[in-house]
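**Q** Encoded as structure tokens, here's the structure I'll be asking about.
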Amino acid sequence: MELRCGGVGSQAVGRRMDGDSRDGGGGCKDAGSEDYENLPTSASLSTHMTAGAMAGILEHSIMYPVDSVKTRMQSLNPDPKAQYTNIYGALKKITRTEGFWRPLRGLNVMVVGAGPAHAMYFACYENMKRTLNDVFRHQGNSHLANGIAGSMATLLHDAVMNPAEVVKQRMQMYNSPHRSALSCIRTVWRTEGWGAFYRSYSTQLTMNIPFQSIHFITYEFLQEQVNPHRVYNPQSHIISGGLAGALAAAATTPLDVCKTLLNTQENMALNLANISGRLSGMANAFRTVYRLNGLPGYFKGMRARVIHQMPSTAISWSVYEFFKYFLTKRKLENRTPY
1 MELRCGGVGS QAVGRRMDGD SRDGGGGCKD AGSEDYENLP TSASLSTHMT
51 AGAMAGILEH SIMYPVDSVK TRMQSLNPDP KAQYTNIYGA LKKITRTEGF
101 WRPLRGLNVM VVGAGPAHAM YFACYENMKR TLNDVFRHQG NSHLANGIAG
151 SMATLLHDAV MNPAEVVKQR MQMYNSPHRS ALSCIRTVWR TEGWGAFYRS
201 YSTQLTMNIP FQSIHFITYE FLQEQVNPHR VYNPQSHIIS GGLAGALAAA
251 ATTPLDVCKT LLNTQENMAL NLANISGRLS GMANAFRTVY RLNGLPGYFK
301 GMRARVIHQM PSTAISWSVY EFFKYFLTKR KLENRTPY
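To convert, note that position 151 of the sequence shown is 151 in the UniProt record's numbering; the numbers rise steadily by one, no gaps.
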């Protein structure tokens, strides 16, 4: 951890929270206050997990209506009543024809999944990043280390989130027969078995590993440019997080379309493709998308995906960095004798 004076005569303190012990301009003490030279060099595991859980819950809650629209816009053969040209028009149409709360259906299961998933996600990323940076560079910031750490964190994250994604997306679809998350879980379990909750897991990993690698590498690179000393700086976290999410979302849209098809098992699309039973596997999903919509099919809902991911990752990183800063600051204040 590193602290930096905010300016001449300033008592403001910026705390470095990324666990990197490089000197970012020299330490300083607030006269008459704590001896910051004795502070630990990184936030604790519990801090990473708590901050990550808060980031995941707020990110998914705030952006959930847009996520609902994205899911529908990725439908390969949508009902004529569920065809949309833009996010605002879609939300307006959904609330007018299906009820004000319809875009939020499935939010509860997403929140339940997002808390523990993001807690493990950020904790794993921070610890792997620190370990691998020591191995690859001994000091500084390695983009390879960041990419590998993001990939490893994704394995844990998706193991928890995949069942929640299945339930969420089935409830988001137009004319969904599921009125509650619990009834959806029971129906899927009874009719398709527990494997249905992980039918798209390999696809999810195939999508999220490159997504998160691009995301983390871009975020860390942008932080080096706009916040080289890695102090707590909300503006830099928002900008870096938003741009990283937008780039990663655009690059992985084709994989997201296939994942949505596997999660929803869209009946009309499968019937048109003459597929009986259940669709499984990334290769089959890719073939089905191409058979029904050609190359443009892989980019259905890309604008909605980018518009959803850009603020989502901005919210996630800014909330995460805030809670990491806030919780660590409180722990340090509580242990400091006065």
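Just so it is clear, CB atoms sit at the ideal spot from N, CA and C, and this is done for glycine as well.
Alpha carbon to alpha carbon, how far is Pro296 from Pro78?
**A** 15 Å
**Q** Quick check: the stretch 67-86 against the stretch 142-161, are there 3 or more CB pairs under 8 Å?
**A** no
**Q** Contact between the stretch 216-230 and the stretch 169-178 is defined here as three or more beta-carbon pairs at a separation below 8 Å; is this criterion met?
**A** no
**Q** Using 8 Å as the threshold, is the stretch 208-217 in touch with the stretch 144-151, meaning 3 or more CB pairs across them?
**A** yes
**Q** In this structure, does DSSP put Phe100 in helix, strand or coil?
**A** coil
**Q** Between the alpha carbons of Leu272 and Val289, how many angstroms are there, rounded?
**A** 11 Å
**Q** Tell me whether the stretch 187-207 and the stretch 260-272 touch, counting them as touching only if at least three CB pairs, one residue from each stretch, are closer than 8 Å.
**A** In this structure the stretch 187-207 touches the stretch 260-272; the number of beta carbon pairs closer than 8 Å is three or more.
**Q** Which residues in the same chain as Asn133 place their Cβ atom closer than 6 Å to its Cβ, once the five residues preceding and following it in sequence are excluded?
**A** Ser142, Ala145
**Q** With C-beta atoms as the reference, is Ala51 less than 9 Å away from Val319?
**A** In contact: Ala51 and Val319 (Cβ atoms closer than 9 Å).
**Q** Give the straight-line distance between the Cα atoms of Leu74 and Met128, rounded to the nearest whole angstrom.
**A** Going by the sequence as given, residue 74 is Gln instead of Leu. Near 34 Å, if we compare the C-alpha coordinates of Met128 and Gln74.
**Q** Mapping the DSSP letters down to three states, classify Ile275 as helix, strand or coil.
**A** coil
**Q** So, Tyr325 versus Pro254, is the Cβ gap smaller than 9 Å?
**A** No, the Cβ-Cβ distance between Tyr325 and Pro254 is not below 9 Å.
**Q** Suppose you measure from the CA of Gly24 to the CA of Tyr88; what does that come to, to the nearest Å?
**A** Bear in mind that a pLDDT of 41 at Gly24, under 50, signals an unreliable position, so the model cannot answer this.
**Q** Hey, quick one: how far does the alpha helix (DSSP H) through Asp134 stretch, first residue to last?
**A** 107-136
**Q** Counting along the chain, where does the alpha helix (DSSP H) carrying Lys300 start and finish?
**A** From DSSP, Lys300 is part of no alpha helix (DSSP H); its letter is neither H nor E.
**Q** Suppose you measure from the CA of Arg291 to the CA of Lys300; what does that come to, to the nearest Å?
**A** Roughly 14 Å between the two C-alpha positions.
**Q** Express the C-alpha separation of Ser236 and Leu222 in angstroms, rounding to a whole number.
**A** 8 Å
**Q** Rounded to the nearest angstrom, what separates Pro40 and Leu327 at their Cα positions?
**A** Residue placement at Pro40 is poorly supported in this model, since its pLDDT is 42, which falls under 50; the coordinates still yield a value, given next. Roughly 13 Å separates the two Cα atoms.
**Q** My output table needs one value for Tyr201: the three-state DSSP class, helix, strand or coil.
**A** Helix.
**Q** Answer with buried or exposed for Lys29, where buried requires no fewer than 16 other C-beta atoms within 10 angstroms of its C-beta.
**A** In this prediction, Lys29 scores a pLDDT of 39, lower than 50, which makes its location untrustworthy; no coordinate-derived value is stated.
**Q** My guess is that Gly241 and Trp317 are in contact by the Cβ rule of under 8 Å, so how many angstroms apart are they, rounded?
**A** Here Gly241 really is in contact with Trp317; their C-beta atoms are around 3 Å apart, less than 8 Å.
**Q** Looking only at C-alpha atoms, which of Ala304, Val111, Met49 sits nearest to Asp67?
**A** Cα-wise, what sits closest to Asp67 is Ala304.
**Q** Answer with buried or exposed for Ser276, where buried requires no fewer than 16 other C-beta atoms within 10 angstroms of its C-beta.
**A** exposed
**Q** What did DSSP end up calling Leu144 once you bin it into helix, strand or coil?
**A** Helix, per DSSP.
**Q** Just the Cα atoms here: how many angstroms apart are Asn162 and Glu192?
**A** 15 Å
**Q** Decide if Pro234 is buried, meaning its Cβ has at least 16 other Cβ atoms within 10 Å, or exposed.
**A** exposed
**Q** Name the two residues that bound the continuous alpha helix (DSSP H) containing Gln235.
**A** 234-251
**Q** Give the straight-line distance between the Cα atoms of Ser225 and Leu261, rounded to the nearest whole angstrom.
**A** Strictly speaking, residue 225 in this sequence is Gln, with Ser absent from that position. When rounded, the distance between both Cα atoms is 38 Å.
**Q** Return the CA-CA distance between Leu247 and Met207, expressed in angstroms with no decimal places.
**A** 14 Å
**Q** Let's test the definition: count the other Cβ atoms within 10 Å of the Cβ of Val135 and tell me whether it reaches 16, buried, or not, exposed.
**A** Burial is judged here by how many other beta carbons sit within 10 angstroms of a residue's own beta carbon; Val135 has fewer than 16 and is exposed.
**Q** For Ile315 versus Leu58, is the C-beta distance shorter than 9 Å?
**A** yes
**Q** Excluding sequence positions up to five away, which residues of its chain have a Cβ less than 7 Å from the Cβ of Met302?
**A** Ala250, Thr253
**Q** Less than 9 Å between the C-beta atoms of Ala90 and Arg102, yes or no?
**A** no
**Q** For Pro311, collect the residues of the same chain with a Cβ closer than 7 Å to its Cβ; drop the 5 residues on either side in sequence, then sort them by chain order.
**A** Met63, Gly242
**Q** In three-state DSSP terms, what is Leu76?
**A** coil
**Q** Can you give me the C-alpha to C-alpha distance between Thr47 and Leu279, rounded to a whole angstrom?
**A** 41 Å
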